[in-house]
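Residue numbers (the numbering used here): 83 to 361. Here a beta-carbon is modelled for each residue, glycine too, at the ideal position from N, C-alpha and C. Computed from a predicted structure; not experimentally measured.
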Amino acid sequence: MSMAEPAVSRSPDRDTPATAGLPDPYYQSPDGRITLYHGDCREILPRLPEGSVDLVVTDPPYSGGGAWGSDRNRPIAQKYQNSDVVQQHSDYQGDCRDQHSLRLWMFWWLGELRRLANPHVASACAVFADWRNLTCGIDALQMAGWVYRGLLVWDKTEACRPQRGWFRSQIEFVILGSAGCIPRDGRTTPSILREYLPGAKREHQAQKPVGILRQICGARDDWHTVIDPFAGSGSTLEAALLEGRRAIGIELEERYCEIAAKRLARAQQQPPLPLQSQI
Ligand SMILES: C[S@@+](CC[C@H](N)C(=O)[O-])C[C@H]1O[C@@H](n2cnc3c(N)ncnc32)[C@H](O)[C@@H]1O
């Protein structure tokens, strides 16, 4: 770590009943509000206490990039970057499932997340998807016990991926689910969220803009604790931090945990900027 990097706190010395059985965090913020685990969410989610989370915001591997097994097995950068761009980010696992196994796999972790949903608030989940995995995601969410509540559109703006002779690949989706009723109180949040994240600013091939994630995390005041079981470079955790929420992240690849930990330590030191949409 360079001298300029803020100190990263790891493995705090505490083992409360709620954390017993969990691995030591890879990163925990000094105030204990943001926790990142390095590991497979299939092993960590079952160890988290029932009813302990108010909001799921996650961006799982999409298993996109082609109709055939051989297409989907290509490196991530080849699948999701224009061919004239030099690979900037390392690969990650779990992006080559066919639609049947994707649905089953999503059903499993969405079910574990449903168990974590706090029954005392308007608990919800928000799952990123593109046009290919959207229907699988909607099916899996409902099969796992969430009430399907519609979609957000992430408008990546005209700056993103042109496709000659075809329509611009400009939008992705966020599948919304709730654990129960949503009281009609509080603010109204837009359902079209517009922001482009230039490649040069990304630390992960599939990184999502923090501004978009802040609008999701901050949409209701009773969402105190957010979880992202596919944390990548820590964008959801940073958004939750900036919105004054607690957050738990899980990430399989250590190199992305390292990026997330540094990012979170930096964000912790900065005063939160107002969201562009609130200026
Ligand atoms: C689409 S990326 C998330 C990117 C993130 N939204 C960001 O802005 O950086 C999905 C992440 O899930 C991680 N992953 C894949 N399978 C996993 C598993 N079983 N448990 C935990 N993380 C996993 C991958 O390593 C990858 O970093």
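Quick check on residue i: buried or exposed, where buried means 16 or more other Cβ atoms within 10 Å of its Cβ?
i: C207; result: buried
i: T217; result: exposed
i: W236; result: buried
i: W305; result: buried
i: S377; result: Shown here, the chain extends from 83 to 361; a query on residue 377 therefore has no answer.
i: T270; result: exposed
i: K283; result: exposed
Using a threshold of 8 Å, is the CB atom of residue i nearer than that to any non-hydrogen atom of ligand 1?
i: H286; result: yes
i: L333; result: A small fix is needed here, since residue 333 is Glu in this sequence, not Leu. Yes - ligand 1 has a heavy atom lying nearer than 8 Å to the Cβ of E333.
i: Y109; result: no
i: T318; result: yes
i: Q289; result: yes
i: A313; result: yes
i: Y144; result: yes
i: C218; result: no
i: G367; result: Since the displayed the chain opens at 83 and closes at 361, residue 367 lies outside it and no answer follows.
i: D141; result: yes
i: R179; result: no
Return the Cβ separation of residue i and residue j in integer angstroms, given the expectation that the two are a contact with Cβ distance under 8 Å.
i: E285; j: S315; result: 4 Å
i: L295; j: A321; result: 3 Å
i: Y119; j: I264; result: Contact doesn't hold; Cβ gap of about 29 Å is too wide.
i: L233; j: F210; result: No, L233 and F210 are not in contact; Cβ-Cβ is about 11 Å, not under 8 Å.
i: G268; j: Y230; result: Rounded, the Cβ-Cβ distance is 21 Å, inconsistent with contact.
For residue i, which of the options has the nearest alpha-carbon?
i: A222; options: H182, R115, N200, D303; result: H182
i: Q350; options: S111, L104, P107, P142; result: S111
i: C178; options: N200, Q352, P143; result: P143
i: A226; options: R269, L186, A204; result: L186
i: P128; options: G193, A343, V139; result: G193
i: N215; options: Q287, G146, P291; result: G146
i: S251; options: D310, D212, C123, R327; result: D212
i: A301; options: E325, D141, F249; result: E325
Which partner residues of residue i appear in the DSSP bridge assignment?
i: A288; result: According to DSSP, which records beta bridges pairwise, A288 is partnered with nothing at all.
i: G331; result: L118, D310
i: R255; result: The sequence shown places Phe at residue 255, rather than the Arg named in the question. DSSP, once it has assigned bridges, lists A211, V235 as partnering F255.
i: T140; result: V209
i: A203; result: Checking the displayed sequence, the identity of residue 203 turns out to be Val instead of Ala. Note: V203 sits in no beta bridge, so no partner.
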